[in-house]
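Read left to right, the sequence shown gives residues 1 to 500 (full-length UniProt numbering).
Cβ atoms here follow ideal geometry from the backbone N, Cα and C, with glycine treated the same way.
These figures come from a predicted structure and were not determined experimentally.
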Amino acid sequence: MHHLAPDLGPPNPSSSLFPLSSYSPRGEIRSDGLRRLPERLDVGGAGRDVFLWRGPPLRHGSTPTVCLWSQVRGLLGLSQDVAPGAVVSFLKKAVDQRNKALTSLNEAMNVSCALLSSGTGPRPISCTTSTTWSRLQTQDMLMATCVLENSSSFSLDQGWTLCIQVLTSSCALDLDSACSAITYTIPVDQLGPGARREVTLPLGPGENGGLDLPVTVSCTLFYSLREVVGGALAPSDSEDPFLDECPSDVLPEQEGVCLPLSRHTVDMLQCLRFPGLAPPHTRAPSPLGPTRDPVVTFLETCREPGSQPAGPASLRAEFLPPSVASIKVSAELLRAALKDGHSGVPLCCATLQWLLAENAAVDVVRARALSSIQGVAPDGADVHLIVREVAMTDLCPAGPIQAVEIQVESSSLADICRAHHAVVGRMQTMVTEQAAQGSSAPDLRVQYLRQIHANHETLLREVQTLRDRLCTEDEASSCATAQRLLQVYRQLRHPSLILL
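Take a look at the structure:
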């Protein structure tokens with residue numbers, strides 16, 4: 001009996017095994033796909049199994065399957081010493097890789113549709129960012145913690161990467177500057193439904209000892225098409241002797257798919273530290289300020305005992321009062337915005353808690369019901385936040401408007417600008433949300449508002465004139481110009497307007 005090897009390729013039309021479905025009685029089908037007749041015929045004086053063959057005459061000692069394998073080997077351009085088993089193994093591996101790639105693509109399509117169709121509601125896959133201060137060696141470092149949470153029914157497997165971009169305010173404003181955003185890439189492997197991944201990265205201070213606020217942290221999911229599809233079309237196993245390189249036009253044109261998850265802004269209100277809020281027995285050491293100039297340190301050691309220090313900080317504290325900036329908001333607007341989580345809390349206390357909601361000290365502020373607080377900026381300067389209720393008497397003809405004034409005080413002009421910018425940003429978001437709910441403003445004196453606007457336009461033109469004059473005047477005459485410029489800035493920081 002001749003035992004035939006399995007057929008490893010599709011039969012050629014000119015030479016193939018003839019099907020026996022039309023013959024009767026039906027024979028047994030073997031594992032190689034051939035049909036054996038049930039009767040035994042005496043051919044050449046010996047009983048043997050008979051197979052029907054349609055094609056050119058077979059060479060002496062050859063079988064139909066061997067002839068088919070010769071033709072398959074010729075079509076694939078393989079050498080004579082390549083075994084049929086190697087081809088079967090390679091083809092099975094290629095099919096498995098493509099099936100795996102198709103499964104991954106289908107899962108990626110489901111994830112993309114789930115994220116894009118979520119709109120403004122809860123996202124099935126989210127990334128939240130929080131900040132905290134940590135002591136690394138001898139330096140205080142602001143750390144950002146990004147938590148990637150999968151609340152969907154899909155898995156993030158091969159090809160997914162979490163990209164976290166950190167962009168400082170100077171890079172965002174000056175597009176021609178040499179600085180660039182820092183991007184962290186974290187491979188996401190086996191993040192199944194209900195799982196979460198936490199990533200912690202430093203935000204600053206940098207090498208110069210400063211922290212350029214605000215800082216924007218953007219989180220994005222990236223799916224690599226070239227990694228998944230390219231790997232299936234061009235497997236990386238170079239040991240296969242019959243593997244041809246996949247042409248570049250077959251690979252995906254796009255590198256991948258980007259799915260934005262979140263965009264978080266880290267501002268001064270989140271970075272403030274409050275050493276005075278900690279209990280005495282657990283009080284942490286005071287935050288470290290910027291590195292001092294060794295020349296200044298040497299001169300202070302040479303100072304006579306009892307003499308007053310003459311550094312820039314001491315001169316500013318002695319002759320210049322703290323800079324102040326304020327913003328006024330309608331009490332009715334604040335009550336409507338804070339009614340959900342601050343019921344029964346005095347409005348000033350609720351406003352301060354809302355401003356510091358993303359600060360680590362908000363729980364202590366809430367427990368003590370504070371309406372004013374003094375903190376420390378990242379550069380070591382003091383920042384004082386004061387919230388109090390005031391009445392605006394000249395805006396509405398029906399009577400005074402109850403308002404809440406948020407005041408920021410600091411000896412550092414840069415820090416007061418950053419803190420004021422953070423407060424204004426929160427107010428803008430609140431006003432936009434309340435306007436979308438149909439909130440209406442009371443009747444106002446339009447002529448009075450126009451007069452205030454005209455006064456501010458005049459002050460802004462005077463600022464530009466004074467700044468131009470400082471560039472041309474000598475040192476003696478520029479002192480009076482600088483003092484007048486400081487007064488104008490103070491008037492601009494105290495507008496007589498209110499957010500309604």
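From the options, residue whose alpha carbon lies closest to that of residue i
i, options, result
"Asp379", "Ser326, Thr183, Asn208", "Asn208"
"Pro400", "Ile125, Ser330, Arg197, Trp160", "Ser330"
"Leu385", "Gln374, Cys163, Gln437, Thr393", "Gln374"
"Gln213", "Cys348, Ala377, Asp443, Leu497", "The residue you asked about is not Gln; residue 213 is Leu in the sequence shown. Among Cys348, Ala377, Asp443, Leu497, the Cα nearest to that of Leu213 belongs to Ala377."
"Val362", "Leu277, Cys471, Pro187", "Leu277"
"Leu102", "Gln158, Ala181, Leu203", "Gln158"
"Val266", "Leu221, Met143, Val365", "Met143"
"Thr129", "Leu91, Phe154, Thr220", "Thr220"
"Gly260", "Ala114, Cys417, Leu486", "In the sequence as displayed, the identity of residue 260 is Pro instead of Gly. Selected option, being the one with the closest Cα: Ala114."
"Cys349", "Ala360, Glu332, Ser372, Asp189", "Ser372"
"Pro202", "Gly194, Val188, Tyr184", "Tyr184"
"Leu444", "Ile452, Gly438, Ala94", "Ile452"
"Ala381", "Val188, Gly210, Cys163", "Gly210"
"Ser412", "Val423, Val383, Gly425", "Val383"
"Ser155", "Leu162, Ala336, Leu148, Gln190", "Gln190"
"Ile406", "Phe222, Arg493, Val147, Pro122", "Arg493"
"Thr145", "Arg484, Val365, Glu358", "Glu358"
"Ala181", "Pro346, Thr216, Leu466, Ala367", "Thr216"
"Gln464", "Ala336, Pro346, Ala482", "Ala482"
"Gln491", "Ala325, Arg123, Val446", "Ala325"
"Ala336", "Arg196, Ser477, Gln434, Trp160", "Gln434"
Range covered by the beta strand (DSSP E) that runs through residue i
i, result
"Glu405", "401-410"
"Cys127", "125-136"
"Asp189", "It is not in any beta strand (DSSP E) - Asp189 carries neither H nor E in the DSSP assignment."
"Ala144", "139-150"
"Cys349", "Segment 347-355 is the alpha helix (DSSP H) holding Cys349; no beta strand (DSSP E) there."
"Leu211", "Careful: Leu211 lies outside any beta strand (DSSP E) and carries neither H nor E."
"Glu198", "196-204"
One or two residues paired with residue i in a DSSP bridge
i, result
"Arg418", "Answer is none; Arg418 lacks a bridge partner."
"Asp374", "It should be pointed out that residue 374 corresponds to Gln in this sequence rather than to Asp. Its beta-bridge partners are His384."
"Glu389", "Val404"
"Thr161", "Pro187, Phe222"
"Lys328", "Glu405"
"Leu156", "Leu191"
"Val423", "In DSSP, Val423 forms no bridge with anything."
"Leu167", "Thr216"
"Ser117", "None; Ser117 has no bridge partner."
Bounding residues of the alpha helix (DSSP H) (the contiguous stretch that carries residue i)
i, result
"Leu338", "331-338"
"His453", "446-470"
"Thr481", "475-492"
"residue 502", "The displayed coordinates of the chain run from 1 to 500. Any statement about residue 502 would go beyond what the structure contains."
"Val364", "362-368"
"Gly499", "Reading the sequence as shown, one finds Leu at residue 499 and not Gly. Looking at the DSSP string, Leu499 is not in any alpha helix (DSSP H), and its letter there is neither H nor E."
Outcome for residue i when other beta-carbon atoms lying within 10 angstroms are tallied against a minimum of 16
i, result
"Cys127", "buried"
"Thr351", "buried"
"Asp140", "buried"
"Ser152", "buried"
"Ile498", "buried"
"Leu136", "exposed"
"His420", "buried"
"Met268", "buried"
"Gly194", "exposed"
"Ser236", "Because Ser236 carries a pLDDT of 47, less than 50, the predicted location of this residue cannot be relied on, and the following value inherits that uncertainty. So Ser236 counts as exposed."
"Gln487", "exposed"
"Gly256", "buried"
"Ser117", "exposed"
"Leu148", "buried"
"Val423", "buried"
"Cys271", "buried"
"Met1", "Since pLDDT at Met1 reaches only 44, below the 50 mark, its modelled position is unreliable, and the value read off the structure follows with that caveat. Result: exposed."
"Leu95", "Strictly speaking, residue 95 in this sequence is Val, with Leu absent from that position. Per the 10 Å Cβ criterion, exposed."
"Pro205", "buried"
"Asn150", "buried"
"Ala108", "buried"
"Asp394", "exposed"
"Thr132", "exposed"
"Arg467", "exposed"
"Leu333", "buried"
"Lys328", "buried"
"Leu500", "buried"
Heavy atom of the ligand FAD within 7 angstroms of residue i beta-carbon
i, result
"His264", "You won't find the ligand FAD in this model; it holds no ligand whatsoever."
**Request:** Entirely within the segment 254-280 and at least 3 residues each: give me those beta strand (DSSP E) ranges in chain order.
**Result:** 256-266
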